[in-house]
Amino acid sequence: MSTLSGKNYPAWAAYLALALCLTAWPAAAGTDQARIAEREVLSNGLVLLHSEKRVLPIVKISMGIYAGQTEETAELAGLSSLTAALIKEGTVSRTADEINESIEFVGGGLSAGGGGEYTTISLSVLSKDLELGFELMSDILMNPTFPEEEIARKRAQFKSSIARQKEDPGSIAEKAFNQELYGNHPFAWPPEGTEESLDRITRAEIVEFHGKFYRPNRSWMAVVGDVSRDEVVALVDRFMKDWEPGEPARDLSVPLGFPDSRKVIPIDKKITQANIVLGHPGVHRSHPDYYAVMVMNYILGGGGFASRLMDSVRDDMGLVYDIRSSFDPHKTIGAFKIVFQTKNESASTAMNQVLHEMERIRSEKVTAQELADAKAYITGSLPLRMDSNGKVAGLLASVEYFGLGMNYLEDYLEAVQGITEDDVLRVAREYLDPDHFILVAVGDQDTITLE
Amino acid sequence: MMSKIWRNGGFRGFLVAALLLLFQGTAFSAYPVHEETLENGLKVLILENRKASTATFQVWYRVGGVDDPLGRSGISHLLEHMMFKGTEKHGPKTFSQTIKRAGGIDNAFTSKDYTGYFQLMSADRIPISMELESDRMTNLLLIESEVMSERDVVKEERRLRYEDDPQSLVYEEVMAAAFKTHPYHRPVIGWMSDLNSIVPEDLVEHYRTFYTPNNAVIIVVGDVDPEATMKQVRTWFGGLPPGPPLRKAELEEGPQYGERRVTVRKEAQLPYVLTVFKTPALPDRDGYALDVLSSILSEGRTSRLYKALVHEKKVALSAWAGYDGLSNGPGLFYLGGTAALGKTAPELENSLLEEVERIKQTPPSEREIQKAKNQVEAGFIMEQDSIYMQAKTIGAFEMAGGWRLVDQYVDGIRAVTAEDVNRVAQEYLQDNRKTTGILIPQKESEESL
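Those protein sequences? They're chains A and B, same order as listed.
The working numbering applies: residue 3 is where the first sequence begins, and numbers increase by one.
The working numbering applies: residue 2 is where the second sequence begins, and numbers increase by one.
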């Protein structure tokens, strides 16, 4: 936002919260347009998703690679992010400067990001520059050289970023929460690693990580915009013909445990607000209860001003600017959390209200109106989530990762519409636990009182 | 305003977006915006964009932080929050719920110069927005208990965005020092002490003064037919009575006699530097050269600041420049950065100033100029992917002097030469226009002393 933002939490928040749940629907839902893209597996194992949109002379590409944090060890935390940050820093035939100058001179964008469940590569170009962009993208994927000097530079930059995050109480709280919740799972550590783990990573490990995981049969590529399927395949044939398959991706499933009781983690920082994260394990994306949980969460705290938490803790009590709950789904695990900030002295009052709302949605059915409203938004807002090429490309990449299929929009609509008040009550009881959770409170511990 | 944007170093992105998306593909003539003004003075701007079945409906009021009375800073922003608190016809809490039920999203924003409200949804549901927006343009309830509760919410917002964020505090301090007579001196969110003194009567007065059809602009972008949309707008807004004409004071900032400096000592990890230079605002011709200058310094990995400060000297974690020329008051040229771990504020500041000196002494290369222009043109086409950004661009230009300024903008950018960039750097990036803020990180114990 260009401006001091308004009455709401940072703009788009509600929207993004739902986008994370991978909800989407084409403009022409329910018609023969419901298939969101054409999907095929190329001979080297690369999955290609293609959606032709000719209105604007632009092409957006969103790639995913099984080379995320889940392939790291705790010892070498940050390896995925560091590798992704380095692939643009020089290839066999191009210096970093040449790569950046080529793409920036034509006003395009090429970026890579590691960490999380998978590494992403994004390309954004005018269609006249697609060949140039595709060649650069292929080059950084296949031929990075990882010069020692650049590794040292990126390592130092990562450490500076880690220091900067320590100024942000919200990110301190989030890190502490993840560490406790995820235990032995790689999501326990931050994607950028730690000062110590970054020092342990050598060039040999980066080269090995890249060589092992940046492979076509571990990758999927969504192409959306002013280009035909045949043109895309021709580009792949031309620029990725030497990209050899490697070890296939494996499923990493580590079940998460609930804490034995309420586990409180206070972190002292002399600031005006208590930054609270409360939560426990949630559901994974492929779980049959996923959609019922999504509807329940919308009513509890995922639906912005249509949610109970915002209604009571902000609108009625004036205690917060923003409060929200979310079920973050991953492929094999998930997390539930409630996040808010309030002046230190109000922390206890706000907490009690939050727990009250958790109890309430577990003890009585939501009203028919609440359920109808939640479904109306979740289904009715689908066109908004697919109204740009960039959004469609990102969505397709996620749909592929979670294995939701090209008809997933129809499946989705059907699933949401079938949910009843009883379903909501059942999943609230099953997936919300007001007695076993982790509570992180960053703020002035002399003033915060949490019993 | 602009706090979010310049802090992320992406301010220029906004201006570029702002410009570019107003032009269709090939020719650089303005988008075919349908413009009409109703008898009650309400201006309507409609832009057809049929690439998807969605549309955005927006109402912009010509009121912002500059209009807050003395001792009541933050009132325009608080009123923006109160606009969601209901009317006789549509009770409290119903606005956003109604929009969401229609599958839409909504929000609002307040800047130093204006306040805007928007919804995004399927285009066929836009009349729902019209009904709600026309109702709250004249029938807002400002109930005391609701005002007091929302004032608390805004105080939490202030704590979140400013008091607990040391870099934002530097911004607030720099603006307060850069402007003495002009109300850009005060933060849009308001000083905490002013927020504490605002009472419901103040809001009633502010609302009656500024929320009138003749002080508002409606902007619609998306899958809509302009004629049919105008008909709906007339139905919902045509009958609203106009308010008395507004007489706004001419606001000026007096002369400055040398560099101003402020220091913030707060618990933090990394030093931070923010410098602003007062400049002309668009459509002053020099604005275009200032915009190209910011692009050469700051746009992308091949920009001068990134290459010199982040890559080569490793003195900065981030370094950036930006030009805010869409402004009713003076324009601003920003320059700043966050120090790399182990580097000091003076090291960072000196490196920033070296780059300024370099471009003051020697004009940039032709390739740098051409790259900046290419980025503007590509960005313009890319931004057409978003109807929301298109509407915000039309609105921002309209508030700063008229949406047609975008026509001049592209011509203006295309005419910029290397010598122009060199000249505006010399003319505007100098001490009598400059205010610098420095964040000196303190350990917790030091701060409490």
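C-beta atoms are modelled at their ideal positions from N, C-alpha and C, and glycine is treated no differently.
Under the three-state reduction of DSSP, residue 236/B is assigned to helix. With contacts defined by Cβ atoms closer than 7 Å, residue 324/B and residue 271/B do not form a contacting pair. Across the set 78/B, 222/B, 73/B, the C-alpha of 222/B shows the shortest separation from the C-alpha of residue 386/B. In this structure the segment 365-385 of chain A lies against the segment 420-431 of chain A, because at least three pairs of beta carbons, one per stretch, are closer than 8 Å. The C-beta of residue 402/A has 16 or more other C-beta atoms within 10 Å across all chains shown, which makes the residue buried. Annotation for residue 423/B: the continuous alpha helix (DSSP H) segment containing it runs 419-429. Secondary structure remark: continuous alpha helix (DSSP H) runs of at least 4 residues inside the segment 125-166 of chain B, in chain order: 127-139, 145-159.
Two segments are said to touch when three or more pairs of C-beta atoms, one from each, lie closer than 8 Å; by this definition the segment 287-304 of chain A does not touch the segment 258-275 of chain A.
For residue 345/B, the nearest beta carbon of chain A is not closer than 7 Å to its own beta carbon. Taking 9 Å as the Cβ-Cβ cut-off, the segment 101-113 of chain B approaches chain A at 101, 102, 103, 104, 105, 106, 107, 108, 109, 110, 111, 112, 113, given in chain order. Closer than 7 Å at the C-beta level to chain A, one finds these residues of the segment 41-74 of chain B: 52, 53, 54, 55. Comparing alpha-carbon positions, the option among 106/B, 410/B, 53/B, 273/B lying closest to residue 316/B turns out to be 273/B.
Residue 71/B is classed as exposed because its beta carbon has fewer than 16 other beta carbons within 10 Å across all chains shown. Scanning 69/B, 267/B, 409/B for the CA closest to the CA of residue 195/B turns up 69/B.
By the criterion of at least three beta-carbon pairs nearer than 8 Å, the segment 208-218 of chain A is in contact with the segment 38-55 of chain A.
The shortest C-alpha to C-alpha distance from residue 393/A to any of 193/B, 110/B, 53/B, 92/B is the one to 53/B. Taken atom to atom, the span from the alpha-carbon of residue 63/A to that of residue 226/A is near 6 Å. Setting aside the 5 residues that flank it on each side, residue 444/A is surrounded in the same chain by 171, 174, 175, 269, 271, 277, each with a C-beta closer than 6 Å to its C-beta; the list follows chain order. For residue 346/B, the closest C-alpha among the options 425/B, 399/B, 263/B is that of 263/B. In the DSSP assignment, residue 52/A falls outside any alpha helix (DSSP H) and within the unbroken beta strand (DSSP E) covering 49-54. Under the three-state reduction of DSSP, residue 107/B is assigned to strand. At a cut-off of 7 Å, the C-beta of residue 446/A has no neighbouring C-beta in chain B. Contact check between the segment 227-238 of chain A and the segment 58-77 of chain A: three or more CB pairs, one atom from each, fall below 8 Å, which counts as touching. The beta-carbon of residue 271/B is placed less than 7 Å from the nearest beta-carbon of chain A.
Listed along chain A, the residues sitting closer than 8 Å to residue 153/B by beta-carbon distance are 320, 321. Membership of residue 282/A in the beta strand (DSSP E) is indicated by the continuous run 275-283.
In summary, the residues of the segment 155-167 of chain B whose CB is separated from some CB of chain A by less than 7 Å are 157, 158, 160, 161, 164, 165, 167, in the order they occur in the chain. Cβ proximity to chain A below 8 Å picks out 372, 375, 376, 377, 378, 379, 380, 382, 383, 385, 386, 387, 388 from the segment 372-388 of chain B. Chain-ordered, the chain B residues with CB closer than 7 Å to the CB of residue 273/A read 165. Taking each of 54/A, 43/A, 44/A in turn and checking the Cα distance to residue 37/A, the smallest one comes out for 54/A. Taking a 10 Å sphere around the C-beta of residue 421/B, we find 16 or more other C-beta atoms and assign the residue as buried.
The beta carbon of residue 391/A sits closer than 7 Å to some beta carbon of chain B. Per DSSP, reduced to three states, the secondary structure at residue 335/B is strand.
Spanning the alpha carbons of residue 258/A and residue 336/B requires a straight line of approximately 46 Å.
Residue 255/A sits exposed, since fewer than 16 C-beta atoms from the chains shown fall within 10 Å of its C-beta. Counting only runs of 4 or more residues that sit fully inside the segment 208-295 of chain B, the alpha helix (DSSP H) segments are 227-238, in chain order.
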